[in-house]
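**Q** The structure under discussion is supplied below as structure tokens; questions concerning it will follow.
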Amino acid sequence: MANNPQIQTNYGGEFLNRLLTLVTTGNELFERGLLHMEQNVGDRFSLPRMRLSKILQKRVEQPTSENSKGQFTIDERVLRPQDVMAYTEFNPRLFEKFWKPFQPTGELVFRELPSDVQEQMLLEVAKVARNELGFHFIQGVQGDGEEQFFNGILTRIVNDADTIKATTSEKTMLARLRAVWQKVPAVMRNDPNFCFLMSANDIDKYDDEITDSSKGADPTSANAVRFKGKRIEGLADWPDDVIVATVASLDIDSNLWAACNLVDDTTAIKVERVTNAGERYFFKMLMKIDTNIVWGQLAVLLDARQTTLSVSPTTVPEFAKSGGEKTVTVTSSSENWTAAVDGGTDWFSVAKSGDKVKVTAQANAEGARSGSFTVSVNGKTQKVAVSQAAGNA
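For the sequence shown, the residue numbers in my numbering are 36 to 428.
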């Protein structure tokens, strides 16, 4: 009888730290030196903030409390790491023909497979997880949907009421950068960590504009990626037509922060059988991540994306008198759309779930009734009609 395969089921120590660090810090923002990362944050991490209003005044010979001027405002931003899991199943026998140098005798390749080969598999999974997380670090949206883990940096900036908004109808990147620059406070311009963030596609457009103006490098070379002497970072996961100017670095004076928990216990990474009688194994990795910005006033945003929004259907099929649940599909260029019941109606409720709105109606013991709810994003709205059959007929 063949021996049981010897798969390393729990990873710890140096390899665990290497693997999870690769996943959580292997994103573009961190690699470019734009994000301060706090590690091993289990529940929450506070970013205390303090502001003082104007205090200077005319000289008073004997000041009293009435002469007091200035108000301290003390509050905090919070990082609350959210749970994220990587999970996949595989059959070790599928790898026998690919790893012949390590092929053991017996029916399962993993029985005596060296641990370094196992680690290579885990690192490959970590690489995929890192690439996926790169998007969420920037454009992630926290919610109940399948891929809504935590709010990304850009989501935080867009939704912050204190963010400075720049606008322009111009289409060129040069004109858009000028519009952003004009909104940047003077004290922020002189910060050594000041930079512009945009998409990789937009930075290519900017380079082409400089080259085509006959003032830049020839087409065989690249121009300096700067504007007004300030660096510009082109990020692969950043959306087109969005420019942000902010203060960004790896240090604690950065305006962009993230927190993660490497979960350095023996359950953080597991490779085990799916069932005792089966041949399939599972890979499972746990981590916790969140992002936030310290000051909205230290971020200037130009969002020139063309927002699109549509719903299907625009009239929900009539609910039976017993109530129930129906869904409406939302198609939008932004994931930050919301749904709300109109006019204080309380006989049905709506809930966002991925790209769907779940509409739940209560049982009806009275006459036929109707109502509506509205889906909104960036000033665009779509109204959806809802109705229910009479319960007393």
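Ideal Cβ placement from N, Cα and C applies to all residues, glycine included.
What does a CB cutoff of less than 6 angstroms around F317 pick up in its chain, not counting 5 residues either side in sequence?
**A** Residue numbering aside, residue 317 sits at position 282 when the sequence shown is read from its first letter. So the qualifying residues of the chain are E124 and V309.
**Q** Pull up the distance between the alpha-carbon of A201 and that of L337, whole angstroms please.
**A** For this step, residue 201 is matched to residue 166 along the sequence shown. For this step, residue 337 is matched to residue 302 along the sequence shown. So the alpha carbons of these two residues sit roughly 5 angstroms apart.
**Q** Within the same chain, show all residues whose beta-carbon is closer than 8 angstroms to that of N102, passing over the 5 residues directly before and after it, in chain order.
**A** Position 67 of the sequence shown, counting from 1, holds the residue named residue 102. Cβ within range, chain order: Q92 and V95.
**Q** Across which residues does DSSP place Y241 in a beta bridge pair?
**A** For this step, residue 241 is matched to residue 206 along the sequence shown. DSSP, once it has assigned bridges, lists no residue as partnering Y241.
**Q** In angstroms with no decimal places, state the Cα-to-Cα distance between T349 and T364.
**A** Position 314 of the sequence shown, counting from 1, holds the residue named residue 349. Position 329 of the sequence shown, counting from 1, holds the residue named residue 364. Answer to the nearest angstrom: the Cα atoms are 9 angstroms apart.
**Q** Using 10 angstroms around the beta-carbon of V163, count the other beta-carbons present and answer buried if the total reaches 16, otherwise exposed.
**A** Counting from one through the sequence shown, the residue named residue 163 turns up at place 128. With fewer than 16 other Cβ atoms within 10 Å, it is exposed.
**Q** What is the residue span of the alpha helix (DSSP H) that F65 lies within?
**A** Counting from 1 along the sequence shown, the entry for residue 65 is found at position 30. Looking at the DSSP string, the run of the alpha helix (DSSP H) that includes F65 is E63 to E66.
**Q** Where does I375 fall in DSSP's three states?
**A** For this step, residue 375 is matched to residue 340 along the sequence shown. For clarity, residue 375 is Ala in the given sequence; the question names Ile instead. A375 falls in the strand class under three-state DSSP.
**Q** With H, G and I counted as helix, E and B as strand and the rest as coil, what does DSSP make of A214?
**A** Taking the sequence shown and counting its residues from 1, one reaches residue 214 at position 179. Here A214 sits in helix by DSSP.
**Q** Check whether the segment 230–249 touches the segment 208–215, counting contact only when three or more Cβ pairs, one atom from each stretch, lie closer than 8 angstroms.
**A** A contact exists between the segment 230–249 and the segment 208–215.
**Q** Can you list, in chain order, the residues of its chain whose CB lies under 8 angstroms from that of D284, leaving out five sequence neighbours each side?
**A** Here residue 284 is taken as the residue at index 249 of the sequence shown, counted from 1. A small fix is needed here, since residue 284 is Ser in this sequence, not Asp. For S284, where only same-chain residues beyond five positions count, the Cβ hits under 8 angstroms are G68, L69, H71 and N228.
**Q** Tell me which same chain residues have a C-beta within less than 6 angstroms of the C-beta of S422, skipping the five on either side of it?
**A** Position 387 of the sequence shown, counting from 1, holds the residue named residue 422. Correct list, in chain order: E353 and S405.
**Q** So N194 is in the alpha helix (DSSP H); what residue range does that whole segment cover?
**A** Against the sequence shown, residue 194 aligns to sequence position 159. Element bounds for N194: I188 to N194.
**Q** Assuming contact is defined by CB atoms lying nearer than 7 angstroms, are D237 and D275 in contact in what I supplied?
**A** The residue given as residue 237 occupies position 202 in the sequence shown. The residue given as residue 275 occupies position 240 in the sequence shown. Yes, the pair counts as a contact, with Cβ atoms nearer than the cut-off.
**Q** Rounded to whole angstroms, what is the Cα-Cα separation between I267 and N311?
**A** Working through the sequence shown from its first residue, we reach residue 267 at position 232. Working through the sequence shown from its first residue, we reach residue 311 at position 276. Cα to Cα, the separation comes out at about 54 angstroms.
**Q** By the DSSP assignment, the alpha helix (DSSP H) with R224 in it spans what residues?
**A** Along the sequence shown, one-based indexing puts residue 224 at 189. First-last of the alpha helix (DSSP H) with R224: A221 to R224.
**Q** Where F137 and G269 are concerned, what is the direct C-alpha to C-alpha distance, given to the nearest angstrom?
**A** By one-based count along the sequence shown, residue 137 stands at place 102. By one-based count along the sequence shown, residue 269 stands at place 234. Any reading at F137 needs caution, since the residue's pLDDT is 49, under 50, leaving its predicted position unreliable; the model's value is listed next. Computed Cα separation, rounded: 42 angstroms.
**Q** Rounded to a whole number of angstroms, what is the C-alpha to C-alpha distance between P220 and A334?
**A** On the sequence shown, residue 220 is found 185 positions in, with the first residue counted as 1. On the sequence shown, residue 334 is found 299 positions in, with the first residue counted as 1. Distance between the alpha carbons of P220 and A334: 10 angstroms.
**Q** How would you label I304, buried or exposed, when you count the other beta carbons within 10 angstroms and need 16 or more for buried?
**A** Your numbering for residue 304 matches position 269 in the sequence shown. Label assigned to I304: buried.
**Q** Return the chain-ordered ranges of every beta strand (DSSP E) run that is complete within the segment 310–354 and spans a minimum of 3 residues.
**A** The qualifying runs are 316–328, 334–338 and 344–347.
**Q** Give the DSSP-derived three-state secondary structure of G406 in the structure shown.
**A** Here residue 406 refers to the residue found at position 371 of the sequence shown. Strand, per DSSP.
**Q** Should D325 be labelled buried (16 or more other beta-carbon atoms within 10 Å of its own) or exposed?
**A** Stepping through the sequence shown from its first residue, residue 325 is reached at position 290. By the 10 Å Cβ count, D325 comes out buried.
**Q** In whole angstroms, what is the alpha-carbon distance linking S368 and I188?
**A** Here residue 368 is taken as the residue at index 333 of the sequence shown, counted from 1. Here residue 188 is taken as the residue at index 153 of the sequence shown, counted from 1. So the alpha carbons of these two residues sit roughly 18 angstroms apart.
**Q** Enumerate in chain order the residues of its own chain whose CB-to-CB distance from T380 is below 7 angstroms, with the five nearest sequence positions on each side excluded.
**A** If you number the sequence shown from 1, residue 380 lands on position 345. Cβ neighbours of T380 beyond the five flanking positions: G406.
**Q** Tell whether a beta-carbon distance below 7 angstroms holds between A420 and G402.
**A** Within the sequence shown, numbered from 1, the residue matching residue 420 stands at position 385. Within the sequence shown, numbered from 1, the residue matching residue 402 stands at position 367. No. Outside cutoff.
**Q** Which residues mark the beginning and the end of the beta strand (DSSP E) in which Q183 is found?
**A** Walking along the sequence shown from the start, residue 183 turns up at place 148. Taken as a continuous stretch (DSSP letters only), Q183 belongs to no beta strand (DSSP E), as it is neither H nor E.
**Q** For V346, which option in V385, G359, F383 and K391 has the closest C-alpha, if you only look at C-alpha atoms?
**A** As a working mapping, residue 346 is identified with position 311 in the sequence shown. Checked all of V385, G359, F383 and K391; the closest Cα to V346 is K391.
**Q** Have a look at the DSSP bridge pairing and note the partners of M208.
**A** As a first step, residue 208 must be located in the sequence shown, where it is residue number 173. Beta-bridge pairing links M208 to no other residue.
**Q** If you follow the beta strand (DSSP E) that I278 is in, where does it begin and where does it stop?
**A** The sequence position of residue 278 within the sequence shown is 243, counting from 1. Unbroken beta strand (DSSP E) run through I278: V277 to V282.
**Q** Determine the closest residue to G77 out of R115, E63 and Q106, with distance taken between C-alpha atoms.
**A** Taking the first residue of the sequence shown as 1, we reach residue 77 at position 42. Comparing Cα-Cα distances from G77 to each of R115, E63 and Q106, the minimum goes to R115.
**Q** Between the C-alpha atoms of N413 and W372, what's the straight-line distance to the nearest angstrom?
**A** What you label residue 413 is simply residue 378 of the sequence shown in a count that begins at 1. What you label residue 372 is simply residue 337 of the sequence shown in a count that begins at 1. If you take the alpha carbons of N413 and W372, they lie about 8 angstroms apart.
**Q** Which residues does DSSP list as the beta-bridge partners of E170?
**A** In the sequence shown, counting from the first residue as 1, residue 170 sits at position 135. Reading the sequence as shown, one finds Phe at residue 170 and not Glu. F170 is not bridged to any residue.
**Q** Report buried or exposed for C230, applying the criterion of at least 16 other Cβ atoms within 10 angstroms of its Cβ.
**A** On the sequence shown, position 195 is the one that residue 230 refers to. Result: buried.
**Q** Given that a residue counts as buried once 16 or more other Cβ atoms are within 10 Å of its Cβ, and exposed if not, what is S289?
**A** Walking along the sequence shown from the start, residue 289 turns up at place 254. By the neighbour-count rule (16 or more Cβ atoms within 10 Å), S289 is buried.
**Q** Along the beta strand (DSSP E) that carries K393, what are the first and last residues, could you check?
**A** The sequence position of residue 393 within the sequence shown is 358, counting from 1. K391 to A396 is the span of the beta strand (DSSP E), which, as asked, contains K393.
**Q** Tell me which residues share the same chain as G359 and place their Cβ nearer than 7 angstroms to its Cβ, disregarding the 5 neighbours each side in the sequence.
**A** By one-based count along the sequence shown, residue 359 stands at place 324. For G359, where only same-chain residues beyond five positions count, the Cβ hits under 7 angstroms are A396.
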